[in-house]
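Under the numbering used here, the first residue of the sequence shown is numbered 186, with each subsequent residue one higher. Where a beta carbon is used, it is the ideal one built from N, C-alpha and C, also for glycine.
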Amino acid sequence: MLKDTLGRTLRDLRISVTDRCNFRCVYCMPREIFGRNYHFLERKDILTFEEIQRVARIFTGLGVRKIRLTGGEPLMRRDLDRLIAMLADLPDIDLTLTTNGSFPAEQVFRLKEAGLKRITVSLDSLDNATFQKISDVSCSVDQVLTWIEACEQARLTPIKINMVVRRGYNEKDILPMAEKFRGTGHIVRFIEFMDVGTANGWRMAEVVPAAEIVKIIHRVYPLEPLPSRYPGEVARRYRYVDGQGEIGIIASVTQPFCGGCTRLRLSAEGKLFTCLFAAHGHDLRRLLRSGCSDEEIKQFIVNLWRKRDDRYSERRSEATQNLPKIEMSYIGG
Ligand code: SAM
Ligand code: SF4
Ligand code: SF4
């Protein structure tokens, strides 16, 4: 097993397939920065499906058991189902995808048929006006709910629903979200607003702490904590005492979980990042395109992971806020 300097095993790979998105969520790709003049990656610079498949295969040989496709918005990448089919062939891999759920729901069935196992859909509010204020586009809540229903029909279950909670925007939606998905088998994951990148103007005052989120739900629908299912699980799990399912809380600001962080991220242009808050990536594309053997690429990854000592969230302070950081839409959420 491959371990880093803090004894953490490499288990998960997040692959960003594009840095583009059809949404302009204010906490991720604010329109003032990601506007008409923003330079997204060029086609020639992003990894081909064949390159992604090769890298993924090498990673499975190093112990990776979970691959999440993300972005930007992964469904912006044409023929994504072809990539899914290429990755689904890899042995022992839990293959999942995170999406904003805004694309035509028929696509869900193509993804499932290609071999996708599970899906995470982001939805920050059930109130259309709030949802559109946050996503800054005209897509409606109903469109995303239709996508979620299609995922249910396609049995891409259990479906996870990500809600980023930001004070002043959607804390009033915590309870309605819990209410809507209780008893459906879907798992809402409430995410603390994070200081990823530098575009979103993050302030600690806008973070709704996990403890407050739990309290809001617990008052109406009593909750009790559940143990993690595996080491390094990101979400803290709670079950409804009345048996109506569970929720997750991703408390990377108030209860950091770097100690169990088994994730490596691959950007669309082939850079490896050992932390979501890293300033620099490690260029794998150069190796892929200069005739390196699988063994050489493997060694590069092994050396990178063995040196890894990241624990940004545990060291978060006013000082770290000013460090250069990569944007979430580029590195992959
Ligand atoms: N576009 C897809 C989506 O939104 O589901 C996938 C990529 S997105 C970067 C992945 C996840 O990161 C989403 O659930 C999104 O809400 C979350 N996210 C983005 N910026 C965030 C921030 N500043 N704090 C917390 N979560 C964030
Ligand atoms: Fe796009 Fe996802 Fe970022 Fe929203 S959170 S802007 S949907 S990449
Ligand atoms: Fe992992 Fe970095 Fe997040 Fe800590 S801050 S959990 S090391 S990605």
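Local conformation of residue i per DSSP, three classes
i                 : result
methionine 214    : coil
proline 289       : coil
serine 437        : coil
asparagine 488    : helix
leucine 341       : coil
valine 306        : strand
isoleucine 346    : strand
glutamate 244     : The question names glutamate, yet the displayed sequence has phenylalanine at residue 244. Looking at phenylalanine 244 - three-state DSSP - the assignment turns out to be helix.
phenylalanine 208 : coil
aspartate 519     : Residue numbering for the chain in the displayed model covers 186 to 518; residue 519 lies beyond these limits and cannot be assessed.
aspartate 264     : coil
tryptophan 315    : Per the sequence shown, the amino acid found at residue 315 is threonine instead of tryptophan. In this structure, threonine 315 counts as helix in the three-state DSSP scheme.
threonine 459     : coil
aspartate 321     : coil
isoleucine 200    : strand
arginine 193      : coil
threonine 255     : strand
threonine 331     : helix
arginine 351      : strand
aspartate 494     : coil
leucine 280       : strand
lysine 510        : coil
Residue i versus residue j: straight-line alpha-carbon distance, rounded
i                 : j             : result
glycine 466       : glutamine 429 : 42 Å
asparagine 285    : lysine 345    : 12 Å
tyrosine 515      : lysine 492    : 23 Å
threonine 315     : tyrosine 354  : 7 Å
glutamate 258     : arginine 404  : 35 Å
leucine 275       : leucine 360   : 40 Å
phenylalanine 442 : glutamate 454 : 27 Å
tyrosine 423      : glutamate 512 : 30 Å
cysteine 336      : cysteine 446  : 28 Å
valine 438        : arginine 501  : 8 Å
threonine 305     : valine 392    : 22 Å
isoleucine 163    : aspartate 479 : The question about residue 163 has no answer here: the residues shown for the chain are numbered 186 through 518.
serine 320        : valine 211    : 6 Å
alanine 339       : valine 293    : 7 Å
phenylalanine 225 : alanine 384   : 15 Å
glutamate 334     : lysine 297    : 14 Å
isoleucine 269    : arginine 253  : 10 Å
histidine 271     : aspartate 279 : Correcting the residue identity first, residue 271 is methionine in this sequence and not histidine. So the alpha carbons of these two residues sit roughly 13 Å apart.
proline 509       : arginine 205  : 21 Å
lysine 251        : arginine 471  : 24 Å
threonine 459     : glycine 370   : 33 Å
aspartate 277     : valine 249    : 9 Å
glutamate 356     : valine 326    : 17 Å
glycine 300       : serine 201    : 18 Å
cysteine 213      : serine 475    : 34 Å
alanine 290       : glutamine 328 : 8 Å
Presumed contact (8 Å Cβ cut-off) between residue i and residue j, rounded CB distance
i             : j                 : result
arginine 303  : threonine 281     : 5 Å
threonine 194 : aspartate 494     : Going by Cβ atoms, the distance from threonine 194 to aspartate 494 rounds to 15 Å, so no, they are not a contact pair.
serine 323    : phenylalanine 208 : Actually they are not in contact, since the Cβ atoms of serine 323 and phenylalanine 208 sit about 10 Å apart, beyond 8 Å.
lysine 456    : leucine 469       : 7 Å
arginine 448  : arginine 199      : 6 Å
leucine 408   : valine 240        : About 40 Å separates the two Cβ atoms, so there is no contact after all.
valine 419    : isoleucine 435    : 6 Å
valine 349    : isoleucine 372    : Contact flag wrong, Cβ pair sits at about 15 Å.
threonine 233 : glycine 517       : At roughly 17 Å, the Cβ-Cβ gap does not stay under 8 Å, so threonine 233 and glycine 517 are not in contact.
tyrosine 406  : alanine 363       : 6 Å
threonine 203 : isoleucine 231    : 7 Å
glycine 417   : arginine 196      : 6 Å
glutamine 153 : alanine 390       : Since the first residue shown for the chain is 186 and the last is 518, residue 153 is missing from the structure and cannot be characterised.
valine 381    : leucine 461       : 6 Å
Any C-beta of chain C under 8 Å from that of residue i
i          : result
serine 323 : Protein chains in the displayed structure number just one, and chain C is not present.
What residues sit near ligand 3, counting only those whose C-beta is closer than 7 Å to one of its heavy atoms, in chain order? Ser437, Pro441, Phe442, Cys443, Cys446, Arg448, Cys460, Leu461, Phe462, Asp495, Arg496, Tyr497, Ser498, Glu499
Strictly closer than 7 Å from CB to any heavy atom of ligand 2: give me those residues in the order they appear in the chain. Cys206, Phe208, Arg209, Cys210, Cys213, Met214, Gly256, Gly257, Glu258, Asn285, Ser307, Ser320, Met513, Ser514, Gly518
Which runs of the beta strand (DSSP E) spanning at least 3 residues fall entirely within the segment 370-453, listed in chain order? 372-377, 408-410, 421-425, 431-435, 448-451
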